[in-house]
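Numbering (full-length UniProt numbering), first residue to last: 1 to 221.
Glycine is no exception: its CB is placed at the ideal position from the N, C-alpha and C atoms.
None of these values were measured; they are calculated from a predicted model.
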């Protein structure tokens, strides 16, 4: 379950980062002002949607689609990755937009004055200058994905077996905690095991927070 939690988180983060960066660059550097006024509030609105809504969306759209494509039940790691992708993409995009907008305008003007094209300015000046903020957005999104319970629980299948493929049912650390903690007696081996999993979740949250702090500190330098 711990391996599954890491796997789903890494997959969702790896898919979300490139798309979040593309959308953020388009909004901050390319699209006209009137279009920005529409897209950015929409992205911020998606950030505030409760996780159960994303879980229901995955249950009604992603799971049936995977069932048609690959057969089986449709529940599994791939469905959970899709739901987490939808959840963390708006968050990562919004934070990346803020990071790109924090790059001083004089950097862009200096690059243009040296004869650089718009794409050269974006790829060699703007994005490197916002690298720490983009890294922070990535870690923050992955931290949210790792700690998510309800949305993942609705689509992953919740079977305590080691999966051998992306379309097979599995379970995550948070899913085991939410489904099992109320069905055990304090002091028993099962309850102690669940509290040990909760400690691992707490330590991983601490690690993510430290990574965010380090990325922010590097950006301040």
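- In its chain, beyond the 5 residues on either side, 8, 55, 80, 83, 84, 172, 174 and 175 have a beta carbon closer than 8 Å to the beta carbon of residue 152.
- In the three-state scheme derived from DSSP, where H, G and I count as helix and E and B as strand, residue 182 is classed as helix.
- The residue among 37, 147, 135 and 101 with its C-alpha nearest the C-alpha of residue 213 is 135.
- Taking residue 31 as reference, the option from 97, 192, 124 and 68 with the minimal CA-CA separation is 97.
- Apart from sequence neighbours up to five positions away, the residues of its chain that approach residue 198 with a beta-carbon distance below 7 Å are 177, ordered along the chain.
- Check the Cα spacing between residue 4 and each of 183, 145, 206 and 139: the tightest is with 145.
- For residue 103, there is no enclosing alpha helix (DSSP H), since its DSSP letter is neither H nor E.
- In the structure shown, residue 157 falls within a strand segment according to DSSP collapsed to helix, strand and coil.
- For residue 95, same chain residues with a beta-carbon under 6 Å away, outside a window of 5 residues either side, are 137 in chain order.
- Note on geometry: alpha-carbon atoms of residue 147 and residue 132 lie some 23 Å from one another.
- Secondary structure note for residue 33: its alpha helix (DSSP H) is the uninterrupted segment 33-47.
- Counting C-beta pairs with one atom in each stretch, the stretch 67-77 and the stretch 149-165 have three or more that are closer than 8 Å, which means they touch.
- Taking C-beta atoms as the reference points, residue 140 and residue 91 count as a pair closer than 8 Å.
- Note that the C-beta distance between residue 205 and residue 88 is not below 8 Å.
- Note: residue 170 is bridge-paired with 157 in the DSSP secondary-structure output.
- Using a Cβ distance threshold of 8 Å, residue 72 and residue 167 count as a contacting pair.
- When DSSP assignments are scanned along the stretch 120-152, the uninterrupted stretches of alpha helix (DSSP H) that are 4 or more residues long and fall wholly within it turn out to be 131-147.
- About 6 Å separates the beta carbon of residue 24 from that of residue 100, a gap short enough to meet the 8 Å contact definition.
- Around residue 86, the same chain offers 54 as residues with beta carbons nearer than 6 Å, after the five sequence neighbours per side are excluded.
- In the DSSP annotation of this structure, the continuous segment of the alpha helix (DSSP H) that includes residue 66 starts and ends at 63-70.
- When DSSP states are grouped into helix, strand and coil, residue 189 belongs to the helix group.
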